Amino acid sequence: MRSTAWNDEENKVLPEMALDFMPEEQLRELQLQRLRATVKLAYEKVPLFRQRMDEKGVKPEDIKTLKDIAKVPFTMKKDLRDTYPYGLFAVDLSEVVRLHASSGTTGKPIVVGYTKEDMEVWASVIKRGLLACGFRSTDIVQNFFGYGLFTGGLGIHGGFEALGATIVPISGGNTERQVMLMKDFGVTALAGTPSYFLRIMDVAEKMGISIRDLGVKRAMFGAEPWSDGMRDYIEEKTGIKCYDIYGLSEIVGPGVGCECECRDGMHIFEDHFYPEIVDPETLEPLPDGEEGELVLSTLSKRAMPILRYRTRDITAIEKTRCKCGRTIRRIRRIGRRTDDMIILRGVNVFPSQIETALLRAEKILPNYLIVLDTKNNMDTLEVKIEVTREMMSDSMGAMEKLNKKFKQSIEQILGVSVIVTLCEPDSLPKSEGKAKRVLDNRKRM
Ligand code: DLL
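Numbering that gives the first Met the number 0 numbers the first residue of the sequence shown as 0 and each following residue consecutively.
In structure tokens, the structure reads:
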């Protein structure tokens with residue numbers, strides 16, 4: 000049996016943790032130094048960055064203060080798609096030790112790469128977040144973020160491993176087994192998407208197991224928006240203290256920012272990621288305290304430095320210092336985006352991907368509607384497809400075959416299971432101007 004004793008003194012002096020409390024002046028100096036090195040690396044090694052900066056007449060030497068970052072052009076998801084798969088890499092592939100991928104806006108994913116040092120930084124920022132939220136090396140952690148190309152599973156895994164915790168790398172799915180292992184393995188901590196945990200709670204109840212009576216103390220949730228109401232609901236029902244972790248594949252994956260014990264916004268690990276808030280319309284930088292689109296630059300990434308990435312996430316940088324004393328700034332929890340990306344059970348889905356899938360299946364684009372719902376505490380995605388007269392058939396078999404073809408094509412592109420419902424011609428709402436393709440009936444607490 001592991002000892003549950005935790006030596007606070009020992010862990011406070013961990014060098015990574017001390018970085019959260021660096022004197023502000025020193026932090027800004029470090030950021031500037033790293034920003035300059037990153038801009039130089041990107042300019043010298045990545046043709047897209049060089050071309051964009053040349054077009055604006057900006058040279059790496061022009062970055063003299065942190066404010067000069069505003070001179071640097073933005074990067075967008077489309078840039079990662081257009082340079083698929085390795086066009087933004089700044090090092091030789093022989094130095095890349097890991098690839099991950101996330102949904103692009105069409106059929107192709109976007110690809111990200113890491114050097115050995117990038118992997119160490121990634122694990123260290125997550126470890127700092129875990130420590131800040133009270134997770135300890137004595138924890139037995141059930142990690143139900145998906146393992147694979149998604150950054151969630153393996154990323155969080157690396158953070159817990161760096162912490163020295165015992166990891167149960169169960170990944171997502173097989174819900175009854177999740178409940179069984181949680182009980183049998185004496186799990187004390189969880190990591191995963193909050194929406195999937197609601198499903199686990201439901202199944203546990205059906206199995207007659209009370210999660211409250213198991214030894215789980217803490218959960219690290221993220222990868223999708225979840226409200227304070229949802230946190231209260233989970234905490235009241237299970238007694239588990241829940242924390243929020245933020246990140247995105249383009250920047251590193253989970254661990255760009257994380258809450259601390261105060262749970263009053265997410266601290267950005269500013270020594271590795273530089274946050275800005277811009278007006279999503281004018282793209283002008285906004286002062287701390289004002290809400291806008293979060294823009295992030297990497298400060299230490301070598302395999303794939305990213306300059307001023309437009310995350311599409313809406314938030315604000317808090318003006319005040321957190322009660323915990325950390326000098327790294329916080330962003331408000333994220334509830335919405337400026338684009339049409341849907342996050343379904345932690346997986347990013349764009350309506351345009353569904354269009355690609357429909358086109359691929361039948362070579363024409365029928366009218367369609369995406370309906371999101373919550374059934375048995377699990378979020379579902381239904382694609383209602385209006386069959387055209389040419390597709391219509393009196394034979395049940397032919398219609399079932401058509402349904403299967405659409406379903407397979409969509410699932411292949413999205414990587415999540417969907418429900419396909421074929422509808423009569425002219426039965427779905429027609430667009431009047433901007434098509435409203437998504438009906439979100441999900442229960443949000
Ligand atoms: O979701 C990385 C991650 C994995 C974060 C595990 C936290 C935990 P992507 O698949 O690239 O990466 O999706 C990134 O997900 O731009 C946000 O819109 C959303 N998102 C991520 N974390 C949160 C969060 C991972 N804590 C996109 N709250 C981001 C709200 C979040 N939205």
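Ideal Cβ placement from N, Cα and C applies to all residues, glycine included.
Since this is a predicted model, take the numbers as computed values, not measurements.
How is residue i classed by DSSP in three states: helix, strand or coil?
| i | result |
| --- | --- |
| Pro253 | strand |
| Pro304 | coil |
| Met395 | helix |
| Glu60 | helix |
| Val38 | helix |
| Ser296 | strand |
| His271 | coil |
| Val71 | coil |
| Met0 | Any reading at Met0 needs caution, since the residue's pLDDT is 37, under 50, leaving its predicted position unreliable; the model's value is listed next. Residue state, collapsed to three classes: coil. |
| Gly147 | coil |
Between the alpha carbons of residue i and residue j, how many angstroms are there, rounded?
| i | j | result |
| --- | --- | --- |
| Asp78 | Gly152 | 25 Å |
| Ser226 | Pro253 | 18 Å |
| Pro224 | Asp312 | 10 Å |
| Asp231 | Ser136 | 26 Å |
| Ile409 | Ala356 | 5 Å |
| Lys362 | Lys404 | 12 Å |
| Val370 | Leu343 | 11 Å |
| Leu438 | Glu389 | 27 Å |
| Arg494 | Ile341 | The structure shown does not extend to residue 494, since the chain is modelled only from 0 through 444, so no value can be given for it. |
| Glu15 | Ser123 | 7 Å |
| Val215 | Ser102 | 32 Å |
| Thr37 | Glu60 | 12 Å |
| Asp201 | Ala315 | 34 Å |
| Ser426 | Arg49 | 50 Å |
| Val255 | Arg211 | 30 Å |
| Asp393 | Leu380 | 27 Å |
Given a cut-off of 9 Å on the beta-carbon distance, is the pair residue i and residue j in contact?
| i | j | result |
| --- | --- | --- |
| Glu258 | Ala89 | no |
| Ile166 | Gln177 | no |
| Arg112 | Arg97 | Contrary to the premise, residue 112 reads as Gly rather than Arg in this sequence. Closer than 9 Å, so yes. |
| Thr82 | Leu47 | yes |
| Gly154 | Arg217 | no |
| Gly185 | Ile139 | yes |
| Pro108 | Leu148 | yes |
| Glu317 | Asp287 | yes |
| Glu249 | Tyr308 | yes |
| Cys241 | Lys322 | no |
| Asn142 | Leu189 | yes |
| Val382 | Ile353 | yes |
| Met303 | Thr310 | no |
| Leu213 | Met181 | yes |
| Ile305 | Met21 | no |
So does residue i have its beta carbon nearer than 8 Å to some heavy atom of the ligand DLL?
| i | result |
| --- | --- |
| Gly448 | This structure leaves residue 448 out entirely; the chain is present only between 0 and 444. |
| Ile412 | no |
| Leu247 | yes |
| Asn347 | yes |
| Trp121 | no |
| Pro365 | no |
| Glu223 | yes |
| Gly172 | no |
| Ser102 | yes |
| Arg80 | no |
| Gly264 | no |
| Met377 | no |
| Gly334 | yes |
| Ile244 | yes |
| Arg311 | yes |
Using CA coordinates, which residue listed in the options is at the minimum distance from residue i?
| i | options | result |
| --- | --- | --- |
| Gly291 | Arg335, Leu401, Pro72 | Arg335 |
| Arg331 | Leu306, Tyr245, Asp338, Met200 | Tyr245 |
| Ser299 | Gly396, Val186, Arg35, Gln25 | Arg35 |
| Val294 | Arg80, Pro274, Thr37, Ala302 | Pro274 |
| Arg301 | Arg33, Arg49, Met395, Gly264 | Arg33 |
| Glu234 | Leu197, Val71, Gly414, Thr337 | Leu197 |
| Lys55 | Thr64, Ala69, Leu65, Glu43 | Ala69 |
Flag residue i as yes when its Cβ comes closer than 8 Å to any non-hydrogen atom of the ligand HEM, and as no otherwise.
| i | result |
| --- | --- |
| Pro253 | The ligand HEM is absent from the structure shown, which contains only the ligand DLL. |
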